[in-house]
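Peer 1: Structure provided below as structure tokens; questions to follow.
2 protein chains.
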Amino acid sequence: MRLSACLVTAALALAACKPAATPPDTSAAAKAAIDAANATWPRLTSTAHADSIADLYTADAVMMPPNMPTVHGRDSIRAFFAVINTMAGVTLALRAESVWASGPAATEMGRWTWTWAAGVTPPPGMPTADSGKYLVRWVEENGRWLMAQDIWNSDLPLPTPPAPAPAARR
Amino acid sequence: MRLSACLVTAALALAACKPAATPPDTSAAAKAAIDAANATWPRLTSTAHADSIADLYTADAVMMPPNMPTVHGRDSIRAFFAVINTMAGVTLALRAESVWASGPAATEMGRWTWTWAAGVTPPPGMPTADSGKYLVRWVEENGRWLMAQDIWNSDLPLPTPPAPAPAARR
Numbered sequence: 005m006r007l008s009a010c011l012v013t014a015a016l017a018l019a020a021c022k023p024a025a026t027p028p029d030t031s032a033a034a035k036a037a038i039d040a041a042n043a044t045w046p047r048l049t050s051t052a053h054a055d056s057i058a059d060l061y062t063a064d065a066v067m068m069p070p071n072m073p074t075v076h077g078r079d080s081i082r083a084f085f086a087v088i089n090t091m092a093g094v095t096l097a098l099r100a101e102s103v104w105a106s107g108p109a110a111t112e113m114g115r116w117t118w119t120w121a122a123g124v125t126p127p128p129g130m131p132t133a134d135s136g137k138y139l140v141r142w143v144e145e146n147g148r149w150l151m152a153q154d155i156w157n158s159d160l161p162l163p164t165p166p167a168p169a170p171a172a173r174r
Numbered sequence: 005m006r007l008s009a010c011l012v013t014a015a016l017a018l019a020a021c022k023p024a025a026t027p028p029d030t031s032a033a034a035k036a037a038i039d040a041a042n043a044t045w046p047r048l049t050s051t052a053h054a055d056s057i058a059d060l061y062t063a064d065a066v067m068m069p070p071n072m073p074t075v076h077g078r079d080s081i082r083a084f085f086a087v088i089n090t091m092a093g094v095t096l097a098l099r100a101e102s103v104w105a106s107g108p109a110a111t112e113m114g115r116w117t118w119t120w121a122a123g124v125t126p127p128p129g130m131p132t133a134d135s136g137k138y139l140v141r142w143v144e145e146n147g148r149w150l151m152a153q154d155i156w157n158s159d160l161p162l163p164t165p166p167a168p169a170p171a172a173r174r
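Going line by line, the protein sequences match chains A and B. Just so we're aligned: the first sequence equals residues 5 to 174 in the numbering used here. Just so we're aligned: the second sequence equals residues 5 to 174 in the numbering used here.
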């Protein structure tokens with residue numbers, strides 16, 4: 005009896021723990037938090053809330069926009085979106101396609117859509133609609149999921165550069 | 005004796021496992037594998053080895069190039085690089101800046117540099133040099149680290165679109 009009790013105890017002790025090779029799967033919690041954060045973007049962009057957008061990032065976040073240098077830190081990210089916010093009628097919508105999480109970190113792949121309000125004419129050189137893909141690494145800090153690294157690009161082809169000027173006629 | 009032996013057994017069983025809340029840190033192994041894979045890019049691109057480049061990706065990898073649609077799967081990625089490889093004199097170099105790993109997955113942030121061999125004139129519309137940033141999610145499959153999601157963009161500003169044609173003179 006004592007031996008079998010001992011085996012049961014050992015078995016219970018082993019059953020109570022999980023192998024270290026399996027990181028905790030926090031995908032469901034991360035996905036829910038990421039979906040909730042993403043759902044705020046259309047309102048925050050269309051109402052020009054650069055402060056609230058910056059608060060979705062960690063203090064030392066790295067934002068990698070296309071066709072410009074990397075932006076380092078929440079303060080610079082806030083300044084970036086303050087410039088975006090000077091363009092009236094912009095709405096940016098984000099949609100997570102996949103989220104892979106492990107413990108307090110997650111990587112999200114998704115798609116973004118940039119639209120102008122009806123009746124708004126985009127500034128010269130900007131497309132009337134734009135969309136593309138992104139990859140974001142999120143971290144959980146004090147119970148909140150925040151963006152730590154963020155990169156995106158557009159599906160639209162590059163604008164055609166100006167053709168060389170024709171030779172002047174004599 | 006039997007009880008103490010039992011306690012020792014239970015204690016050993018518990019000591020053999022680690023708390024599930026701590027994912028195994030595979031960062032060092034992942035970083036080494038990623039650095040080794042990255043080091044092959046200059047040779048593989050300058051010698052037009054699209055097959056070997058594609059083998060750095062998982063079978064169902066998602067590649068997200070700038071200014072074109074997402075590329076799905078290793079076969080399509082191979083075809084993408086076969087097109088790149090038709091441009092003679094291209095060298096693409098990659099450098100990991102940070103790698104965050106947990107168990108069999110890792111996310112890498114890095115920088116890429118695209119150069120042309122001396123004496124090669126880039127095709128019309130392509131810059132003489134280009135560089136930018138990337139984010140890649142890697143997974144370990146059968147002991148090999150492979151790229152599963154890959155996105156990048158350029159630091160270069162967009163080409164200026166052609167100015168509207170001036171009104172014809174009468």
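Glycine included, C-beta positions come from ideal geometry on N, C-alpha and C.
Out of curiosity, what's the CA-to-CA distance linking Asp159 (chain B) and Val75 (chain A)?
Peer 2: Within the second sequence, the letter at position 155 stands for residue 159 (chain B). Within the first sequence, the letter at position 71 stands for residue 75 (chain A). The C-alpha of Val75 (chain A) is placed about 11 Å away from the C-alpha of Asp159 (chain B).
Peer 1: From the DSSP output, which residues share a beta bridge with Arg78 (chain B)?
Peer 2: Walking along the second sequence from the start, residue 78 (chain B) turns up at place 74. Bridge partners of Arg78 (chain B): none, in fact.
Peer 1: When DSSP labels each residue in this structure, what does Leu160 (chain A) get in the three-state scheme?
Peer 2: What you label residue 160 (chain A) is simply residue 156 of the first sequence in a count that begins at 1. The answer is coil: DSSP assigns Leu160 (chain A) none of H, G, I, E or B.
Peer 1: Using the three-state DSSP reduction, which class does Ala100 (chain B) fall into: helix, strand or coil?
Peer 2: In the second sequence, counting from the first residue as 1, residue 100 (chain B) sits at position 96. Three-state DSSP puts Ala100 (chain B) in a strand.
Peer 1: Label Glu112 (chain A) either buried or exposed according to how many other C-beta atoms from any shown protein chain fall within 10 Å of its C-beta, with 16 as the threshold for buried.
Peer 2: Along the first sequence, read from residue 1 onward, the residue named residue 112 (chain A) stands at position 108. It counts as buried.
Peer 1: Taking only three categories from DSSP, how would you classify Leu60 (chain B)?
Peer 2: Counting from 1 along the second sequence, the entry for residue 60 (chain B) is found at position 56. If DSSP states are grouped into helix, strand and coil, Leu60 (chain B) belongs with coil.
Peer 1: Can you grab the Cα-Cα spacing for the pair Phe85 (chain A) / Gly136 (chain B), in whole Å?
Peer 2: Position 81 of the first sequence holds residue 85 (chain A). Position 132 of the second sequence holds residue 136 (chain B). Between the alpha carbons of Phe85 (chain A) and Gly136 (chain B) lies a gap of roughly 21 Å.
Peer 1: For Asp59 (chain B), which residues of its own chain have a beta-carbon under 7 Å away from its beta-carbon, when the five flanking residues on both sides are left out?
Peer 2: Numbered from 1 along the second sequence, position 55 holds the residue referred to as residue 59 (chain B). Excluding positions up to five away in sequence, the list is empty.
Peer 1: Give a yes or no on contact between the stretch 37-51 of chain A and the stretch 134-152 of chain A, applying the rule of three or more CB pairs nearer than 8 Å.
Peer 2: Touching, yes, given that three or more Cβ pairs across the two stretches are closer than 8 Å.
Peer 1: I need the straight-line Cα distance from Pro126 (chain B) to Ala133 (chain B), nearest angstrom please.
Peer 2: Within the second sequence, the letter at position 122 stands for residue 126 (chain B). Within the second sequence, the letter at position 129 stands for residue 133 (chain B). Taking the straight line from one Cα to the other gives about 9 Å.
Peer 1: Is it buried or exposed for Pro70 (chain B), if we count other Cβ within 10 angstroms and need 16 for buried?
Peer 2: Locating residue 70 (chain B) in the second sequence gives position 66, where the first residue counts as 1. Looking at its Cβ environment, which holds 16 or more other Cβ atoms inside 10 Å, Pro70 (chain B) is buried.
Peer 1: Taking Pro46 (chain B) as the reference, give the member of B:Glu144, B:Ala105, B:Ala122, B:Thr95 with the closest Cα.
Peer 2: If you number the second sequence from 1, residue 46 (chain B) lands on position 42. Out of B:Glu144, B:Ala105, B:Ala122, B:Thr95, B:Thr95 has the C-alpha closest to the C-alpha of Pro46 (chain B).
Peer 1: From Arg115 (chain B) to Asn157 (chain B), what does the alpha carbon distance come to, in whole angstroms?
Peer 2: The residue you call residue 115 (chain B) lines up with position 111 of the second sequence. The residue you call residue 157 (chain B) lines up with position 153 of the second sequence. Cα to Cα, Arg115 (chain B) sits roughly 10 Å from Asn157 (chain B).
Peer 1: Can you tell me whether Val87 (chain A) is helix, strand or coil according to DSSP?
Peer 2: Position 83 of the first sequence, counting from 1, holds the residue named residue 87 (chain A). Val87 (chain A) falls in the helix class under three-state DSSP.
Peer 1: Helix, strand or coil for Ala105 (chain B), going by three-state DSSP, please let me know.
Peer 2: As a working note, residue 105 (chain B) is residue 101 in the second sequence. In the structure shown, Ala105 (chain B) sits in a strand (DSSP, three-state: E or B).
Peer 1: When you check each C-beta in the stretch 69-83 of chain A against every C-beta of chain B, which residues fall closer than 8 Å?
Peer 2: Pro69, Pro70, Asn71, Met72, Pro73, Thr74
Peer 1: Which residues mark the beginning and the end of the beta strand (DSSP E) in which Asp134 (chain B) is found?
Peer 2: Working through the second sequence from its first residue, we reach residue 134 (chain B) at position 130. Counted as a single uninterrupted DSSP element, the beta strand (DSSP E) harbouring Asp134 (chain B) occupies residues 133-145.
Peer 1: My output table needs one value for Asp154 (chain B): the three-state DSSP class, helix, strand or coil.
Peer 2: Residue mapping note: residue 154 (chain B) aligns to position 150 of the second sequence, counting from 1. Strand.
Peer 1: How about Arg174 (chain B): is its C-beta nearer than 8 Å to some C-beta of chain A?
Peer 2: As a working note, residue 174 (chain B) is residue 170 in the second sequence. Reliability fails at Arg174 (chain B), whose pLDDT of 47 lies under 50, so the model's placement of it is uncertain and no value is given.
Peer 1: Does DSSP classify Ala110 (chain B) as helix, strand or coil?
Peer 2: For this step, residue 110 (chain B) is matched to residue 106 along the second sequence. Correct three-state label for Ala110 (chain B): strand.
Peer 1: Would you mind giving the Cβ-Cβ distance between Leu139 (chain A) and Ile155 (chain B), rounded to the nearest angstrom? I have them listed as a contact below 8 Å.
Peer 2: Against the first sequence, residue 139 (chain A) aligns to sequence position 135. Against the second sequence, residue 155 (chain B) aligns to sequence position 151. For a cut-off of 8 Å, the C-beta gap from Leu139 (chain A) to Ile155 (chain B) is around 5 Å, short enough to register as a contact.
Peer 1: Keeping to the same chain, check which residues put their C-beta closer than 6 Å to that of Met67 (chain B); ignore five residues upstream and five downstream.
Peer 2: To locate residue 67 (chain B), count along the second sequence from 1; it is residue 63. Hits under 6 Å: Val75, Ile81, Asp154.
Peer 1: Tell me which residues of the stretch 37-68 of chain A have at least one Cβ-Cβ distance to chain D shorter than 9 Å, keeping chain order.
Peer 2: This model lacks chain D altogether, as its protein chains are A and B.
Peer 1: Using a cut-off of 7 Å between C-beta atoms, extract the partners of Thr111 (chain A) located in chain B.
Peer 2: Numbered from 1 along the first sequence, position 107 holds the residue referred to as residue 111 (chain A). Chain B residues near Thr111 (chain A): Thr111, Arg141.
Peer 1: Going by DSSP, name the residue or residues bridged to Trp118 (chain B).
Peer 2: Translated into positions along the second sequence, residue 118 (chain B) becomes position 114. B:Leu96, B:Asp134.
Peer 1: Give me whichever residues DSSP pairs with Val66 (chain A) in a beta bridge.
Peer 2: Here the question's residue 66 (chain A) lines up with position 62 in the first sequence. Paired residues: A:His76, A:Gln153.
Peer 1: So, using beta-carbon positions, are Ala34 (chain B) and Ala105 (chain B) closer together than 8 Å?
Peer 2: On the second sequence, residue 34 (chain B) is found 30 positions in, with the first residue counted as 1. On the second sequence, residue 105 (chain B) is found 101 positions in, with the first residue counted as 1. Yes, Cβ-Cβ distance for Ala34 (chain B) and Ala105 (chain B) is below 8 Å.
Peer 1: So with Cβ pairs under 8 Å, would you call Gly107 (chain B) a contact of chain A?
Peer 2: For the purposes of this step, residue 107 (chain B) is identified with residue 103 of the second sequence, where counting begins at 1. Answer yes: the Cβ-Cβ gap between Gly107 (chain B) and chain A drops below 8 Å somewhere.
Peer 1: For chain A, check one thing: does any of its Cβ atoms lie closer than 8 Å to the Cβ of Ser158 (chain B)?
Peer 2: Start at 1 with the first residue of the second sequence, and residue 158 (chain B) comes out as number 154. Yes, Ser158 (chain B) lies at the interface with chain A (some Cβ there is under 8 Å from its Cβ).
Peer 1: Run through chain A and tell me which residues come within less than 8 Å of Trp104 (chain B), C-beta to C-beta.
Peer 2: If you number the second sequence from 1, residue 104 (chain B) lands on position 100. Residues of chain A passing the Cβ test: Ala109, Arg141.
Peer 1: State the Cα-Cα distance for the pair Thr30 (chain A) and Asp79 (chain A), rounded to the nearest angstrom.
Peer 2: Position 26 of the first sequence holds residue 30 (chain A). Position 75 of the first sequence holds residue 79 (chain A). The straight-line gap from Cα to Cα measures roughly 29 Å.
Peer 1: Near Thr164 (chain A), what residues of its chain come up, given a Cβ to Cβ distance below 8 Å and the 5 sequence neighbours on each side ignored?
Peer 2: Numbered from its first residue, the first sequence carries residue 164 (chain A) at position 160. Excluding sequence neighbours, Thr164 (chain A) sits near nothing in its chain.
Peer 1: Cβ of Pro127 (chain A) less than 8 Å from any chain B Cβ?
Peer 2: On the first sequence, residue 127 (chain A) is found 123 positions in, with the first residue counted as 1. Interface criterion not met: the Cβ of Pro127 (chain A) is under 8 Å from no Cβ in chain B.
Peer 1: Give me, in chain order, the residues of the same chain whose beta-carbon lies closer than 6 Å to that of Thr117 (chain A); leave out the 5 immediate sequence neighbours on both sides.
Peer 2: The residue you call residue 117 (chain A) lines up with position 113 of the first sequence. Only Ala97, Ser135 meet the Cβ criterion.
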